[in-house]
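Here's the structure, in structure tokens; my notes come after.
There are 2 protein chains.
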Amino acid sequence: MPTSTIRDVAREAGVGVGTVSRVLNSHPSVRETTRRRVERAIAALNYRPNPIARQLSLGRTSNIAVVAPFFIRPSSVERLRGVETVLTERKYDLVLYNVETQDKRDEVFRKFPRFDTFDGLLVLTLAPEDEEVARLLESGTPVVLIDANHPQLNRVLIDDVRGGYLATKHLIELGHTRIAYISDILESPFRFVGASARRFEGYRQALAEAGIEYRPTYYRHDLHGVQEAKGLAHELLSLSEPPTAIFTASDTQAIGVLRAAQERALSVPEELSVIGFDDIEVAEYLNLTTIHQPLFTSGVEGAELLFQCISEQPERQCDVLEVILPLRLVERQTTGPPP
Amino acid sequence: MPTSTIRDVAREAGVGVGTVSRVLNSHPSVRETTRRRVERAIAALNYRPNPIARQLSLGRTSNIAVVAPFFIRPSSVERLRGVETVLTERKYDLVLYNVETQDKRDEVFRKFPRFDTFDGLLVLTLAPEDEEVARLLESGTPVVLIDANHPQLNRVLIDDVRGGYLATKHLIELGHTRIAYISDILESPFRFVGASARRFEGYRQALAEAGIEYRPTYYRHDLHGVQEAKGLAHELLSLSEPPTAIFTASDTQAIGVLRAAQERALSVPEELSVIGFDDIEVAEYLNLTTIHQPLFTSGVEGAELLFQCISEQPERQCDVLEVILPLRLVERQTTGPPP
DNA sequence: GATGTTTTTGGAACCGTTTCCAACGGGAAA
DNA sequence: TTTCCCGTTGGAAACGGTTCCAAAAACATC
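So the sequences go chain by chain: A and B.
According to numbering that gives the first Met the number 0, the stretch in the first sequence is residues 0 to 338, in order.
According to numbering that gives the first Met the number 0, the stretch in the second sequence is residues 0 to 338, in order.
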């Protein structure tokens, strides 16, 4: 079926291509009778405009790219859901780039031949390096980071220090003093200002405020993942003086801790308290006490911020904006007083 | 920064645009010295070809669209992971269309202005209606269904009847005779041949084979979701003669059953056995016994089948293919002998 | 009916690639 | 020296839209 073009329609309707284009884009200055004639021709030929040609001509794509570690971070999926809601509403399409590691992330950024295939970019969780940021800024592509930080880019964040503080404070209020912290690895010196590091800061603040001495043996880290966290939990629970409560930098890691407890037949929360961070969907099913961060909302806010930048495009540099979302403790059944 | 075009490069290098294009696409018939000259010009102007223009000229996009109910079906995410692996390897981009309901699905299909923005289409879980299938076939776009069925389209499936049989048989072998089945709603008469219906068939087969009478009160259905399944489980457990085991059409629904048990302080598996279907990631964390279906693999197979169709395109109709993936029982800790 | 104004319309030029075809240059053969 | 051939090369045409400008048509005014 040779697909028909705008010129075919013009011929069929006995008008010029300009007129057909005007009908397609509901431009006001087309006489009613002409419009109908064109519409009839469109229907007769079953014509649909070719979006690629349109994109080329217009210089706009109606695509938004999202770069994120989807499969290793369940939180990405929930953020994505917020993003998707906004894009659908605005009739934009969503192009997904999955990145599991810093390396793969770098590769994706390098690979972007140009920033022409999309009108805006959302980056989740893994912030780009300075060099990439430079390229991004130079290209003029609107960018928003969600759950990632960079001084020169718009971003949607939470107050991680406060989150760490809230979690630790909760354990302290229950009466714990032997409180451990498990986090993912802080990959490069540069990334030390990452979320886990700031949550660690809040953890230390809460300890200090309560006059509890910080013990370096109670702080463990490894790559992010259930298995890794389980290993760390076993290490902690094998100490001669094991912690009575463990705070983890993510719910995924809390799951690892719960599994370790299960393997040791330790009952939670009677013998061990566990508190996570994020409040992903599974947390509810596992009755996990955690720090809730608005994942869905972060996606919505990020996408809206992005559209704001896209529409302000003419003025080039819209100021760098930062949105901080609220946190709250969600008490379920994995925390209780120490034994 | 006015981005440079292939003509700028040609001028800079003192060659024709054809030559630059040949260099870009590593066409063999370019003299080595010329190639170097062009490469120098490309570097000097920091030139990157515009992918949109390329797409228009080539009639190919290097995009694959995926339509799926991502957020309500955790299994979609794992399938997507398989899809993503294949696409990345082939340097294709992934455009996501999320659909939560039949209605939204229909809307997405209608919305596709044409099938020009992507070279192939993967549809997960919700099969298109006949009318849409007709449009798809007419457009010549290669399509593969994953976890969905339609006689005229390529598809990757599992043997649902056998899955239902395996699950039920497992419960029977443990000694259960009062076995209930919870499934999602079978939306339209047409969709009755859906997965849940076929699993139901397997359930009945196993019962019949063991000489256990089928009781209609033990079969309940509602919309797919944790809450809904929890409600159905409560109904079942309130019967004067409640089931001692519940088989659900998905792990998500099994989670609902587990929560109902928890609310009634019924211990699992001592007082109630639960078996799910899918083996999504959470299943492991919840120690849920379930029927494992290869989710990741389904994505891989689906994507590869799609590429097969794309490359066979010249011959128009590649035969309709069906791939059936294997199932297996994963015994964890939510099933045991009846009380 | 002539003139001026406004609304509609046709179509060339453009967006930035690829590809095809003709032309060119240089070496080998006659 | 001429002829032929082949590897390179330049550039026009094509992909299918949008937009701008000038011209035509419609209408208003005198």
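Where is the CB? At the ideal position from N, CA and C, for every residue including glycine.
Proximity to arginine 39 of chain B across B:Asn153, B:Asp7, B:Ser61 peaks at B:Asp7, based on C-alpha coordinates. Chain-order list of chain B residues neighbouring glutamate 83 of chain A: Asn97, by C-beta distance under 7 Å.
With fewer than 16 other Cβ atoms inside 10 Å of its own Cβ, threonine 216 of chain A counts as exposed.
Taking a 10 Å sphere around the C-beta of tyrosine 213 of chain A, we find fewer than 16 other C-beta atoms and assign the residue as exposed. Distance from the CA atom of tyrosine 202 of chain B to the CA atom of arginine 219 of chain B, rounded to whole angstroms, is 13 Å. Legend: CB atoms of the region 43-63 of chain A lying less than 8 Å from CB atoms of chain B belong to residues Arg47, Pro48, Asn49, Pro50, Ile51, Ala52, Gln54, Leu55, Thr60, Asn62. In this structure serine 249 of chain B is not in contact with histidine 233 of chain B, their Cβ atoms being roughly 18 Å apart against a cut-off of 8 Å. Cβ neighbours of valine 14 of chain B within its own chain (closer than 8 Å, five residues either side excluded): Thr33, Arg36, Val37.
When only Cα atoms are considered, valine 65 of chain A and arginine 197 of chain B end up about 37 Å apart. For arginine 80 of chain A, the chain B residues whose C-beta falls within less than 7 Å of its own C-beta are Phe70, listed in chain order. In the DSSP secondary-structure assignment, threonine 289 of chain B is bridged to B:Gly275, B:Val329. Against chain B, a Cβ distance below 8 Å from valine 94 of chain A picks out Asn62, Asp92, Leu93, Val94, Leu95.
Of the residues assessed, glutamine 54 of chain B falls on the buried side of the cut-off, its CB having 16 or more other CB atoms within 10 angstroms. Contact holds between the region 113-123 of chain A and the region 292-310 of chain A, because three or more Cβ pairs, one in each stretch, are under 8 Å apart.
DSSP places serine 182 of chain B in the strand class (E or B) of the three-state scheme. Per DSSP, reduced to three states, the secondary structure at threonine 296 of chain A is helical.
Sequence-distant Cβ neighbours of threonine 60 of chain A in its own chain, meaning closer than 7 Å and more than five residues away, are Gln54, Thr116, Phe117, Asp118. Within chain B, Asn49, Pro50, Ile51 have C-beta atoms less than 7 Å from the C-beta of aspartate 115 of chain A, given in sequence order.
One finds Val281, Tyr284, Leu285 in chain A with Cβ atoms closer than 9 Å to the Cβ of leucine 285 of chain B, taken in chain order. Close CB contacts of valine 94 of chain A within its chain, under the 8 Å cut and outside five residues either way in sequence, are with Asn62, Ile63, Ala64, Val65, Thr116, Phe117 (chain order).
By the 16-neighbour rule on beta-carbons within 10 angstroms, alanine 205 of chain B is buried. Two segments are said to touch when three or more pairs of C-beta atoms, one from each, lie closer than 8 Å; by this definition the region 139-157 of chain A does not touch the region 100-108 of chain A. Residues are counted here when their Cβ sits less than 9 Å from a Cβ of chain B; for the region 253-267 of chain A these are Ile254, Leu257, Arg258, Gln261, given in chain order.
Fully contained in the region 73-151 of chain A are the following alpha helix (DSSP H) runs of length 4 or more, in chain order: 73-88, 101-110, 129-138. Beta-carbon to beta-carbon, leucine 170 of chain A and alanine 244 of chain A are separated by about 4 Å, close enough to satisfy the 8 Å threshold. Its chain contains Gly81, Leu324 as the residues whose beta carbon lies nearer than 7 Å to that of threonine 296 of chain B, once the 5 sequence neighbours on both sides are disregarded; these appear in chain order. The residue from A:Leu326, A:Thr140, A:Ala179 with its alpha-carbon nearest to that of serine 310 of chain A is A:Thr140.
Non-local beta-carbon contacts of serine 3 of chain A in its own chain, meaning distances under 6 Å to residues more than five positions away in sequence, involve Leu44, Tyr46 in chain order. Looking only at B:Pro127, B:Ser272, B:Glu131, the smallest Cα-Cα distance to asparagine 148 of chain B is reached by B:Pro127.
With distances taken between CA atoms, aspartate 183 of chain B lies nearest to B:Thr251 out of B:Thr251, B:Tyr91, B:Arg331.
With respect to the 9 Å criterion, glutamine 332 of chain A and proline 268 of chain A are classified as neighbours on the basis of their beta carbons. Its chain contains Thr247, Val273, Gly275, Leu287 as the residues whose beta carbon lies nearer than 6 Å to that of alanine 253 of chain B, once the 5 sequence neighbours on both sides are disregarded; these appear in chain order. For valine 132 of chain A, no chain B residue has a Cβ inside 7 Å of its Cβ, as the nearest lies near 16 Å away. About 13 Å separates the CB atoms of isoleucine 157 of chain B and leucine 328 of chain B; that is not less than 8 Å, and the two are not in contact.
Judged by DSSP in its simplified three-state form, valine 322 of chain A adopts strand.
For aspartate 221 of chain B, the enclosing beta strand (DSSP E) has its first and last residue at 218-221.
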